[in-house]
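**Student:** Residue numbers (the working numbering), protein chains in the order written: chain A, 1 to 343; chain B, 1 to 343; chain C, 1 to 343; chain D, 1 to 343.
Beta carbons: idealized from backbone N, C-alpha and C, even for Gly.
For reference, the structure I am asking about is given below.
There are 4 protein chains.
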Amino acid sequence: MISFANDYSEGAHFNILKRLVDSDVEQADGYFHDQFCEEARERIKAAIGSAQGEVDVEFIAGGTQTNMIVIDSTLKNYEGVIAAKTGHIATHEAGAIEHAGHKVIELPHHSGKLSPGEVLQYVTDFYQHEAKDHEVHPGMVYISHPTEFGTLYTKAELKALRSICDQFNLKLFMDGARLGYAFGAASNELSIQDIAELCDVFYIGGTKVGALIGEALVFMRGCKAEHFETLIKQKGALLAKGRIIGVQFAELFKDNLYFEIGKYAVEQAERIKAALVQKGYRLVVDSPTNQQFVVMSNEKYDELSQEFKLTKWEPLGANNSIVRICTSWATKPENVEKLIAAL
Amino acid sequence: MISFANDYSEGAHFNILKRLVDSDVEQADGYFHDQFCEEARERIKAAIGSAQGEVDVEFIAGGTQTNMIVIDSTLKNYEGVIAAKTGHIATHEAGAIEHAGHKVIELPHHSGKLSPGEVLQYVTDFYQHEAKDHEVHPGMVYISHPTEFGTLYTKAELKALRSICDQFNLKLFMDGARLGYAFGAASNELSIQDIAELCDVFYIGGTKVGALIGEALVFMRGCKAEHFETLIKQKGALLAKGRIIGVQFAELFKDNLYFEIGKYAVEQAERIKAALVQKGYRLVVDSPTNQQFVVMSNEKYDELSQEFKLTKWEPLGANNSIVRICTSWATKPENVEKLIAAL
Amino acid sequence: MISFANDYSEGAHFNILKRLVDSDVEQADGYFHDQFCEEARERIKAAIGSAQGEVDVEFIAGGTQTNMIVIDSTLKNYEGVIAAKTGHIATHEAGAIEHAGHKVIELPHHSGKLSPGEVLQYVTDFYQHEAKDHEVHPGMVYISHPTEFGTLYTKAELKALRSICDQFNLKLFMDGARLGYAFGAASNELSIQDIAELCDVFYIGGTKVGALIGEALVFMRGCKAEHFETLIKQKGALLAKGRIIGVQFAELFKDNLYFEIGKYAVEQAERIKAALVQKGYRLVVDSPTNQQFVVMSNEKYDELSQEFKLTKWEPLGANNSIVRICTSWATKPENVEKLIAAL
Amino acid sequence: MISFANDYSEGAHFNILKRLVDSDVEQADGYFHDQFCEEARERIKAAIGSAQGEVDVEFIAGGTQTNMIVIDSTLKNYEGVIAAKTGHIATHEAGAIEHAGHKVIELPHHSGKLSPGEVLQYVTDFYQHEAKDHEVHPGMVYISHPTEFGTLYTKAELKALRSICDQFNLKLFMDGARLGYAFGAASNELSIQDIAELCDVFYIGGTKVGALIGEALVFMRGCKAEHFETLIKQKGALLAKGRIIGVQFAELFKDNLYFEIGKYAVEQAERIKAALVQKGYRLVVDSPTNQQFVVMSNEKYDELSQEFKLTKWEPLGANNSIVRICTSWATKPENVEKLIAAL
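Put into structure tokens, the structure is as follows:
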């Protein structure tokens, strides 16, 4: 059985594993105060550059945890976070944001993306409500890039969102759980420097881009909450052996590994996408990254499932389904060929 | 200035005030363990009758508090509550439900009402999701009756919701902050016995139907959480002088006062509604209760505002607004005439 | 049966009731934006004077709710509140503070009071802990005055606590659920002006001092959280007919009524206390206010319970109990005499 | 610099690292539904045996997270958890339990342990309180084994706690963050089977006993909350590559590795302890496990700090400190000798 079901079916990239082994008996302080985290922080800061002002880098084990901690530590109690109805925090995080006390204000999605115009309308309307003091105040805009459908924000879109956030005193937060695959996309317009300039906080996903676990959380220009370590601890997210994430990001940001992983995976996805198009499949969205969403008959899905593991995303009428096909750093070219042959 | 802005502009109905005065120096136990609460409980139970099984009546000071306590005490941590996008818990409660840890799962509204068909679709879809274990589980359906737009559920609609709740093990909760005005509506199909039969929990609004404060919360057939008094206390809602609410509901449910208040207020609203229609105003919804939502030019609104207080609900384009006109037990017929003359 | 069980066995003082009746049909805005609340705010501000800087007055229905809202709106997520082990928030609020997310840091009590020296030691130690970033940070000191045992802080003690709070950037919060009885005590050293000078926030209890419901919350020198109305709404504490509390405090602070109620009740308690001492009962603490805690044999308690309702506070060995005897604005002198005769 | 500051200064035991490398490209399902977690579950269940009834094993990244999830998923909203004042949840978890809504009911500690007699007294008293409905109900007893001071519960003590829990319907939860060091102690009386018999839920610490991250959480006899996966997700603790913990516990429970790690570390600690005693140091408690707490002059501490990293636990007067010395699977015998020589 060959899995294209997701981008976390294997362990870590070899460079990471090697460094974990090599550093194993080196003693280090706990709770992310170690030399490996320090190295990783320096490498990430170097990639971002100093032009955008102060940069704070923190490490957290997983994406939902990161979203929850960023949002809860940034928002005031009376504030909520605007997200696309298909945003990860609105759908697949089991209500973690609400569990932390904040409303996810859901707006329509457009291939997974928020429309800046609709965000502007929502916020403008809010401030005209007679009863706005009885409503959740918008305090943040959450976007994922790539989105849950693999699509990407353009530079113009991100600038438009930034401008709205400036006007209404909102924070702009980018969930980059799969950020590497954005960087690897041919049509991507947003460099890590652009993101650092336009967002208040974002994270660089590790778990889904070649690491075992870990997300590198970047706060720009002093946006990190005071006593952030205590807040992380309070959410149960402060790993004693924080080094395990430090080591991984130190490797991911050495010699462009993070960017190469993204590029490689997207290339494999592009091959599959081209084959899908050629064979007449309908793509649900035009995704330029490592996730492809395709309409498939249940019969074909069952047939493929003899040899391949794909993800049945949701039913589409009685006979078809939306199916997700993913690649990663670990996708073998020969398996891509086998899949293409079988499509 | 004459206010039609809401149904809570005056104090309490005279019968209630009189009883508060008469009972003032009578000693009573605290925290809703008094003789007045007991009397109120008995009268409410008598109105409901014994045919629907066990009835528990509790008293809480206000509607948002009641919604928050009912929902948080009923749902499991992994559950959320389905509501219309315009439902009070989704809009005007400042995120109280999310602050208590639960997602409000918003579905479209139809003149303020949930569509049973859309609820069924949502829940059916949920149980077909591959990733449903990563999603908030639907655990309750919240409806308001009358809705925030003054509209009413039909008996068929409520039965349909009940049936879905039975099928998917959901609780059905009716917010009756203005329930008296439903009972007072000519087209109302739902008696208090029907509601007790079809809902798991509902409340009988006092604050907006002639009381100073207070909602009577009714749990049917053992749906009340264990140690409910402790849960109320934990939310800060356990009044030392609970008698103040007991006295009020004892009076409201004596000699049909609650039902008469509703009927009287709706009659006044019907007069205003008839005048609005006759004068060519567009009604936003066809409300059979004490709230009327009407499209009005901002110019007319400003003119009326010299003499009358109405509520500008929300802007409608550049020149018009949706305006709410409310009546209550205290609305004077001569003021209704003055308003009609000025429309 | 005559009750001395607590200070909330009756309704409201006659002046309050009269004003509720007189103002009943006067129209007013909702949610504490009415003329009665405004009048009450002005009277309370006048009592405090302008020497201590900006004064914000808000109204909330009950004490636990007030404690929860003050503490949660003031503390950062990583902060907890220091309280005596016997403090109301540490014992009889069903964990409302923890339910709102904050640790109650319990220190020993001395007749219900915190020792400034022990508070200083605790906070000083905290800042020397290696692992303090993994601990709840002290952010506030909570005191009740009178305490749960009826005792009072001296001016020197309150000044000492203020000084510690200044040194360590803590807020000082006084729970004045029974504040009127402090003002009514012969040995009281703290005027309302002193309290306003030394505390950041305090409340003036109404429910237990002659009102039906309501506490007047006073924030000094800009300590009120932003968008406080939204925060109150989110906790379910924003009454539509906020006027009901406004009317009551407008009356309580007219012609010194609040202070006279306190004085009267304490005088009745002093008569009972003198009789207890004379008859050889042991007082648990030397309370100068309206609550007296006395050791009584269970036999005597049972005998008295034929005619009087007292509160059995807690068992003391097999044969005795600590019993609470309370007076209030409504205590009748002849009933005090009956009790004394029966002791 | 040689560190004895804690038991998490190095990475993972070699067997674990080897298996991580060997299994790296093997594809596996996400979210703990993989073959490695399955293997780990089976090995842990085998170690526990089937005599104690149903066993559920779950994996969570860290100890605070585990404590928070166990406690919040087990307790009702109105319940709190009893713990020693020095318990990890009461001190070094930044208020995570309160942040999740539950009071930590702190009782005195005896060398880090709860006294069964004091627990019994507390619970018995609670049920006699007149006002118990206004108090947090005790719902669980939390113990750590070894405790935060390295001490161990005897079998008699654990049985006594079990008996109290049975009598008052409390859950008994053992925090085994360092459980391996209990098993490795000469005086340990509690086998893993005993623990499984006497506790409702416990966890087997990995992070501090040779793993990179991960705790194996064991629910006995059906004590696991429904939809536990959703609850874990909601707390942000559901790792996509759950395999990383599965692999580690599969190795830790192969060929007794977990028990050998514990034994080895304790042997090294015993050598240090013997030297401390011999050289006249005062031990703060008589710890039979891998943590030793010793009184040391600040001068000596500073001298040792030239070469060794120890943890200054807390100050003891002006000139001395309590210092913690830890060993682990990775402690080198030659470093122990160096430390002993320098003491």
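(1) For my contact list, L75 of chain A and H99 of chain A are in at a C-beta cut-off of 8 angstroms; report their separation, rounded to the angstrom.
(2) Below 8 angstroms, how does it come out for the segment 61-74 of chain C and the segment 108-128 of chain C: are there three or more Cβ pairs, yes or no?
(3) Cβ closer than 9 angstroms: which chain A residues qualify as neighbours of Q128 of chain B?
(4) Excluding the 5 residues preceding and the 5 following R221 of chain C in the sequence, name in chain order all residues of the same chain whose CB lies nearer than 6 angstroms to its CB.
(5) Here's the rule I'm using: 16 or more other beta-carbon atoms within 10 Å means buried, otherwise exposed. How should D200 of chain B be labelled?
(6) Please say whether V295 of chain A and T151 of chain A have beta carbons closer to each other than 7 angstroms?
(7) Could you tell me which of D:K279, D:E148 and D:V336 sits nearest to H88 of chain D, measuring between CA atoms?
(8) Could you tell me the boundaries of the beta strand (DSSP E) in which L212 of chain A lies?
(9) Take A61 of chain B as the anchor and find which of C:G236, C:A330, C:K312 and C:K273 has the nearest alpha-carbon.
(10) Of all the CB atoms in chain D, is at least one closer than 7 angstroms to the CB of D133 of chain B?
(11) Using a beta-carbon distance cut-off of less than 8 angstroms, what residues from the segment 72-86 of chain D approach chain B?
(12) Could you give the distance in angstroms between the alpha-carbon of K300 of chain C and the alpha-carbon of T327 of chain B?
(13) Compare the C-beta of E98 of chain D with all C-beta atoms of chain C and state if any pair is closer than 7 angstroms.
(14) Considering only C-alpha positions, which residue in the set D:Q193, D:D7, D:S23 and D:A196 is nearest to Q248 of chain D?
(15) What is the DSSP secondary structure of M174 of chain D, counted as helix, strand or coil?
(16) Candidates B:A12, B:P288, B:V25 and B:A96: which alpha carbon is nearest F345 of chain B's?
(17) Could you confirm whether any beta carbon from chain A is found closer than 7 angstroms to the beta carbon of A5 of chain B?
(18) How big is the Cα-Cα spacing for Q121 of chain C and Q128 of chain C?
(19) Roughly how many angstroms separate the alpha carbons of L161 of chain A and G63 of chain A, rounded to a whole number?
(20) What residues from chain A crowd round G205 of chain B, counting only those whose CB sits closer than 7 angstroms?
(21) Apply the 10 Å Cβ neighbour rule to K273 of chain B and answer buried if 16 or more other Cβ atoms are within range, or exposed otherwise.
(22) Name the DSSP bridge partner or partners of D123 of chain D?
(23) So, does the CB of H227 of chain B fall closer than 7 angstroms to a CB anywhere in chain D?
(24) Around the C-beta of N319 of chain C, are 16 or more other C-beta atoms found within 10 angstroms, so that it is buried, or is it exposed?
(25) Please report whether the beta-carbon of T230 of chain B lies at a distance below 7 angstroms from any beta-carbon of chain D.
(26) Quick one: what's got a C-beta closer than 6 angstroms to L20 of chain A's C-beta in the same chain, skipping five residues either side?
(27) Less than 8 angstroms between the CB atoms is what I'm expecting for N190 of chain B and K155 of chain B, so what's the real figure, rounded?
(28) Let me check one thing: in DSSP terms, what residues is S297 of chain B bridge-paired to?
(29) Compare the C-beta of Y122 of chain B against all C-beta atoms of chain C and say whether one is closer than 7 angstroms.
(30) Do three or more CB pairs link the segment 34-48 of chain A to the segment 76-83 of chain A at distances below 8 angstroms?
(31) Distance cutoff 7 angstroms, beta carbons only. Does K233 of chain C sit that close to anything in chain A?
(32) Can you check whether the C-beta of G150 of chain A is within less than 7 angstroms of a C-beta belonging to chain D?
(33) Taking beta-carbon pairs under 9 angstroms, can you tell me which members of the segment 101-118 of chain C lie near chain D?
(34) What first and last residue would you give for the alpha helix (DSSP H) that runs through E270 of chain D?
(35) Leaving aside the five residues before and after Q193 of chain C along the sequence, list all residues of the same chain whose C-beta is less than 8 angstroms from its C-beta, in chain order.
(36) Of all the CB atoms in chain D, is at least one closer than 7 angstroms to the CB of Q268 of chain A?
**Tutor:** Per the coordinate set shown:
(1) Wrong, their Cβ atoms sit about 14 angstroms apart, outside the cutoff.
(2) no
(3) E314 and P315
(4) Within the same chain, R221 of chain C has close Cβ partners G53 and E54.
(5) Buried, by the Cβ-count rule.
(6) The answer is no: Cβ separation not under 7 angstroms.
(7) D:E148
(8) Taken as a continuous stretch (DSSP letters only), L212 of chain A belongs to no beta strand (DSSP E), as it is neither H nor E.
(9) Closest option to A61 of chain B, Cα to Cα, is C:G236.
(10) Closer than 7 angstroms to the CB of D133 of chain B there is at least one CB belonging to chain D.
(11) D72, S73, K76, N77 and Y78
(12) Taking the straight line joining both Cα atoms gives about 58 angstroms.
(13) yes
(14) D:S23
(15) Judged by DSSP in its simplified three-state form, M174 of chain D adopts strand.
(16) In the structure as shown, chain B starts at 1 and stops at 343, and residue 345 of chain B therefore has no counterpart that could be examined.
(17) With 7 angstroms as the cut-off, A5 of chain B does not count as an interface residue toward chain A.
(18) The alpha-carbon atoms of Q121 of chain C and Q128 of chain C are separated by roughly 11 angstroms.
(19) 22 angstroms
(20) Ordered by position in chain A, no residue passes the 7 angstroms Cβ test against G205 of chain B, which lies about 17 angstroms from the chain.
(21) buried
(22) Reading the sequence as shown, one finds Val at residue 123 of chain D and not Asp. Bridge partners of V123 of chain D: none, in fact.
(23) yes
(24) exposed
(25) yes
(26) Cβ neighbours of L20 of chain A within its own chain (closer than 6 angstroms, five residues either side excluded): V247.
(27) Per the sequence shown, residue 190 of chain B should be read as Leu rather than Asn. Indeed, because the Cβ distance is near 6 angstroms, the residues count as touching under 8 angstroms.
(28) B:N320
(29) no
(30) no
(31) yes
(32) no
(33) G101, H102, K103, V104 and E106
(34) L257 to Q278
(35) I48, G49, A51 and Q52
(36) no
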